[in-house]
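**Student:**
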Amino acid sequence: MAQAAEAARTVILTVDDDPGVSRAVARDLRRRYGESYRIVRAESGESALDALRELKLRGDLVAVILADYRMPQMNGIEFLEQALDVYPGARRVLLTAYADTSAAIDAINVVDLDHYLLKPWDPPEEKLYPVLDDLLVAWRASDYRSVAITKVVGHRWSARSSDVREFLARNQVPYRWYSADEPEGKRLLDAAGQDAQRLPLVVTPDGTPLVEPEAPELAARVGLATTPAADFYDLIVIGGGPAGLGAAVYGASEGLRTVLVEREATGGQAGQSSRIENYLGFPDGVSGAQLTDRARRQAAKFGAEILTAREVTGLEINGAARIVRFSDGSAIAAHSVILATGVSYRQLPAPGVTDLTGCGVFYGSALTEAASCQGHDVYIVGGANSAGQAAMYLSRGAKSVTLLVRGPSLEASMSYYLIQQIEEAANISVRTGTVVECAHGSEHLEQLTLRDSASGQSELVDAQWMFVFIGAAPLTDWLDGTVLRDERGFILAGPDLTPDGRPPAGWELDRPPYHLETSVPGVFVAGDARAESAKRVASAVGEGAMAVMLVHRYLEQS
């Protein structure tokens, strides 16, 4: 019975940009394997990757992936290379024409291709099914099983349920969602001895029920590291965004005993981006989640420890040691510290917004909610790149997407390539000079009052979904009195500490601060938390790497 249930939700995925070929492949696969496997087809590499990510999030298994080589924008080899990140255990097949066999052979080295098939494959009984049969046998014999699935039971309009789902998704923890109103959700509640009054209920892979868990408990129970392995390190990196991950990769790869501490999920704001298209080396773009996952695995490969759901509340200096204190009172120490705390989204001050946060109102992309926006009208507040990326992503399924921009245009705050994409999207509209005056709804967002800044006129619109991107504030209040910050809370470093040529107050060394060094020797800053930083993923990663170079210089002279 268990094997039958497992096979019933195991997927064979096929992707081909030719609709006729795509249907033919799916038809032949269903004819032979439809009773035991779910056949999923896609007509582009991007849509196939979206399908794979959705399957992964649900905890489904993927046995075989068949991809056509000649697809525009993303060919079959490029697709399979990215699919490897999502389902590394799936068997990979490339569909090629005779003229492409050399490319298929090369793909064996690039993506560890299992097989390539020449088109047409008629009759499938001779040319398709024997290959698939062998691959499925090999897959079943391998250690293909994914990590046991975490189950989340909650209410669709529960802010806390939304927070838990977002936490798990951003930390790459596969889970399955059940509504408390559905039979399976009720069954899980009954099994845990709970009613629907306290949600969410999280059932961990080992069957432990957690009711309304806080992030540290949840992280520890689903297998994320939360406890440091040592008391003292060469380098503590605080913050797991692009700057922090970059610092962890370079620090660990260069032999420093490195620990990265993140209070929520690695990736920071960039990790929530649906598509980053101007990052070097990814001409087809890359999702923030994918970039984060690769960087996290890369840091771990070099030996960096990564602690999740640990909030840092203090930094103390004790001789040569830099002591980092956590909210639970515990502490770790190191020779050096890199502050990569990043920024948090500013809160929208309009009445009603706070009460509806998590219930139709979200800060950042909240990609776990994207599927629920299918066919609905979506409003996005903000005019910078993060808002534009979210608009493009949500426009794939939403009935309409409206960008609400306070300023007179997008040009001052958004990259040119995004502005062009938005102008070409038929279901995206931009309302400049517009602010949200009020949000209305009982259990969920129902309406918005919008005000035209020029005329002062207000308008009531129906709205179930609003995503807010209105700038960011640095997460540095806990550093007050320890390192120097500017009037907005951003950390001063390097030349900004010596505008008159003199070192900052309390500086005891006979050299000026290094470029990314704060007012405390051996404590560096990288990324968005630094005053006058570029606020771009590439520059944050670069600063993380540069900070490690300066850490080495500091340690050599200490």
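With the numbering used here as the guide, the letters of the sequence shown map in order to residues 1 to 558. Don't be surprised by glycine CBs; every beta carbon is placed ideally from N, CA and C.
Taking C-alpha atoms, which residue in Ile491, Gly388, Tyr116 lies nearest to Val468?
**Tutor:** What you label residue 468 is simply residue 468 of the sequence shown in a count that begins at 1. For Val468, the nearest C-alpha among the options comes from Gly388.
**Student:** Does the distance between the C-beta of Leu404 and the nearest non-hydrogen atom of the ligand GTP fall short of 8 Å?
**Tutor:** Looking at this structure, you won't find the ligand GTP or any other ligand, since it has none at all.
**Student:** Which one of Glu43, Gln457, Leu418, Asp462 has the shortest CA to CA distance from Lys399?
**Tutor:** Stepping through the sequence shown from its first residue, residue 399 is reached at position 399. When each option's Cα is compared against that of Lys399, the closest is Asp462.
**Student:** Does DSSP classify Asp355 as helix, strand or coil?
**Tutor:** Taking the sequence shown and counting its residues from 1, the one referred to as residue 355 is at position 355. Reduced to three states, the DSSP call for Asp355 is helix.
**Student:** On the DSSP bridge assignment, give the partners of Ala215 in chain order.
**Tutor:** Within the sequence shown, numbered from 1, the residue matching residue 215 stands at position 215. Answer is none; Ala215 lacks a bridge partner.
**Student:** If you scan the stretch 205-279 from start to end, which runs of the beta strand (DSSP E) of 3 or more residues do you find wholly inside it?
**Tutor:** The stretch 205-279 contains these whole beta strand (DSSP E) runs: 209-211, 232-238, 258-262.
**Student:** Considering only their Cβ atoms, is the gap separating Ala526 from Glu543 smaller than 9 Å?
**Tutor:** Position 543 of the sequence shown holds residue 543. Position 526 of the sequence shown holds residue 526. Going by C-beta atoms, Glu543 is nearer than 9 Å to Ala526.
**Student:** Between the C-alpha atoms of Ser146 and Tyr175, what's the straight-line distance to the nearest angstrom?
**Tutor:** The count along the sequence shown starts at 1 and reaches residue 146 at position 146. The count along the sequence shown starts at 1 and reaches residue 175 at position 175. With a pLDDT of 49 at Ser146, under the threshold of 50, the modelled position of that residue is not reliable, and no figure is offered here.
**Student:** What's the gap between the Cα of Leu550 and the Cα of Gly193?
**Tutor:** Residue mapping note: residue 550 aligns to position 550 of the sequence shown, counting from 1. Residue mapping note: residue 193 aligns to position 193 of the sequence shown, counting from 1. Their Cα atoms are separated by approximately 55 Å.
**Student:** From Gln464 to Gln374, what distance separates their C-alpha atoms?
**Tutor:** Start at 1 with the first residue of the sequence shown, and residue 464 comes out as number 464. Start at 1 with the first residue of the sequence shown, and residue 374 comes out as number 374. Going from the Cα of Gln464 to the Cα of Gln374 covers about 11 Å.
**Student:** Please specify which runs of the alpha helix (DSSP H), each continuous and at least 4 residues long, are wholly inside the stretch 115-181, giving them in chain order.
**Tutor:** Entirely contained in the stretch 115-181, the alpha helix (DSSP H) runs reaching 4 residues are, in chain order, 124-127, 129-141, 159-170.
**Student:** Could you pull the start and end residues of the beta strand (DSSP E) that Gln447 belongs to?
**Tutor:** Walking along the sequence shown from the start, residue 447 turns up at place 447. Segment 445-452, the beta strand (DSSP E) holding Gln447.
**Student:** Write down every uninterrupted run of the beta strand (DSSP E) in the stretch 404-472 whose length is 3 residues or greater and which is fully enclosed by it, in chain order.
**Tutor:** DSSP runs (the beta strand (DSSP E)) wholly in the stretch 404-472: 428-432, 434-441, 445-452, 458-462, 465-468.
**Student:** Please tell me whether Pro474 and Gly489 are closer than 9 Å, where the distance is taken between their beta carbons.
**Tutor:** Numbered from its first residue, the sequence shown carries residue 474 at position 474. Numbered from its first residue, the sequence shown carries residue 489 at position 489. Yes, the Cβ-Cβ distance between Pro474 and Gly489 is below 9 Å.
**Student:** Tell me the DSSP secondary structure of Tyr554 in three-state form.
**Tutor:** Looking up residue 554 in the sequence shown gives position 554. If DSSP states are grouped into helix, strand and coil, Tyr554 belongs with the helices.
**Student:** Return the CA-CA distance between Pro19 and Val343, expressed in angstroms with no decimal places.
**Tutor:** Your numbering for residue 19 matches position 19 in the sequence shown. Your numbering for residue 343 matches position 343 in the sequence shown. Cα to Cα, Pro19 sits roughly 44 Å from Val343.
**Student:** For Leu280, which residues from the same chain have a beta carbon less than 8 Å from its beta carbon, with the 5 sequence-adjacent residues on both sides left out?
**Tutor:** Locating residue 280 in the sequence shown gives position 280, where the first residue counts as 1. Excluding positions up to five away in sequence, the list reads Ala538.
**Student:** Spatial neighbours of Arg569 within its chain, please: CB distance less than 6 Å, with the 5 preceding and 5 following residues excluded, ordered by chain position.
**Tutor:** Outside the modelled stretch of the chain, which goes from 1 to 558, sits residue 569, for which no answer is possible.
**Student:** Inspect the beta-carbon positions of Arg346 and Val523 and report whether they are closer than 9 Å.
**Tutor:** Position 346 of the sequence shown, counted from the first residue, corresponds to residue 346. Position 523 of the sequence shown, counted from the first residue, corresponds to residue 523. No, the pair does not count as a contact, with Cβ atoms beyond the cut-off.
**Student:** Are the stretch 163-178 and the stretch 210-223 touching, with three or more C-beta to C-beta distances below 8 Å?
**Tutor:** Counting Cβ pairs under 8 Å, three or more are found: they touch.
**Student:** Classify Asn318: buried if its beta carbon has 16 or more other beta carbons within 10 angstroms, exposed otherwise.
**Tutor:** Within the sequence shown, the letter at position 318 stands for residue 318. Asn318 is exposed by the Cβ-count criterion.
**Student:** Please state the DSSP three-state secondary structure of Asp28.
**Tutor:** As a working mapping, residue 28 is identified with position 28 in the sequence shown. Helix at Asp28.
**Student:** Under a three-way DSSP split, which group does Ser344 fall into?
**Tutor:** Within the sequence shown, the letter at position 344 stands for residue 344. It is a strand residue.
**Student:** How many whole angstroms separate the CB atoms of Tyr69 and Leu95, which I take to be in contact at a CB cut-off of 8 Å?
**Tutor:** As a working mapping, residue 69 is identified with position 69 in the sequence shown. As a working mapping, residue 95 is identified with position 95 in the sequence shown. Their Cβ separation, rounded to whole angstroms, is 6 Å, which keeps Tyr69 and Leu95 in contact under 8 Å.
**Student:** Pull up the distance between the alpha-carbon of Trp157 and that of Arg53, whole angstroms please.
**Tutor:** The residue labelled residue 157 in the question sits at position 157 within the sequence shown. The residue labelled residue 53 in the question sits at position 53 within the sequence shown. When rounded, the distance between both Cα atoms is 23 Å.
**Student:** Using the rule of at least 16 other Cβ atoms within 10 Å of the residue's Cβ for burial, across every protein chain shown, is Ser558 buried or exposed?
**Tutor:** Start at 1 with the first residue of the sequence shown, and residue 558 comes out as number 558. So Ser558 counts as exposed.
**Student:** Report all residues from its chain with a CB closer than 7 Å to the CB of Asn278; omit the five preceding and five following residues, and keep chain order.
**Tutor:** The sequence position of residue 278 within the sequence shown is 278, counting from 1. Same-chain partners within the cutoff: Ser415, Tyr417.
**Student:** If I'm right that Ala334 touches Ile236 with Cβ under 8 Å, what's the distance once you round it to whole angstroms?
**Tutor:** Within the sequence shown, residue 334 is the residue found at index 334, counting from 1. Within the sequence shown, residue 236 is the residue found at index 236, counting from 1. Going by Cβ atoms, the distance from Ala334 to Ile236 rounds to 4 Å, so yes, they are a contact pair.
**Student:** Tell me which same chain residues have a C-beta within less than 8 Å of the C-beta of Gly352, skipping the five on either side of it?
**Tutor:** Translated into positions along the sequence shown, residue 352 becomes position 352. Taken in chain order, the residues that qualify are Cys438, Ala439, His440, Gly441.
**Student:** Roughly how many angstroms lie between the CA atoms of Ala426 and Gln73, to the nearest whole one?
**Tutor:** Here the question's residue 426 lines up with position 426 in the sequence shown. Here the question's residue 73 lines up with position 73 in the sequence shown. Approximately 20 Å between the Cα atoms of the pair.
**Student:** For Arg297, report the span of its alpha helix (DSSP H) as first-last.
**Tutor:** Along the sequence shown, one-based indexing puts residue 297 at 297. Run containing Arg297: 288-301, per the alpha helix (DSSP H) assignment.
**Student:** Which residues mark the beginning and the end of the beta strand (DSSP E) in which Tyr87 is found?
**Tutor:** Taking the sequence shown and counting its residues from 1, the one referred to as residue 87 is at position 87. No beta strand (DSSP E) holds Tyr87; DSSP gives it neither H nor E.
**Student:** Where does Glu543 fall in DSSP's three states?
**Tutor:** Within the sequence shown, residue 543 is the residue found at index 543, counting from 1. Glu543 falls in the helix class under three-state DSSP.
**Student:** So Ala191 is in the alpha helix (DSSP H); what residue range does that whole segment cover?
**Tutor:** By 1-based counting over the sequence shown, the position of residue 191 is 191. Per DSSP, Ala191 belongs to the alpha helix (DSSP H) from 183-191.
**Student:** Report the CB separation of Pro213 from Thr150 in whole angstroms; it is logged as a contact under 8 Å.
**Tutor:** Walking along the sequence shown from the start, residue 213 turns up at place 213. Walking along the sequence shown from the start, residue 150 turns up at place 150. At roughly 11 Å, the Cβ-Cβ gap does not stay under 8 Å, so Pro213 and Thr150 are not in contact.
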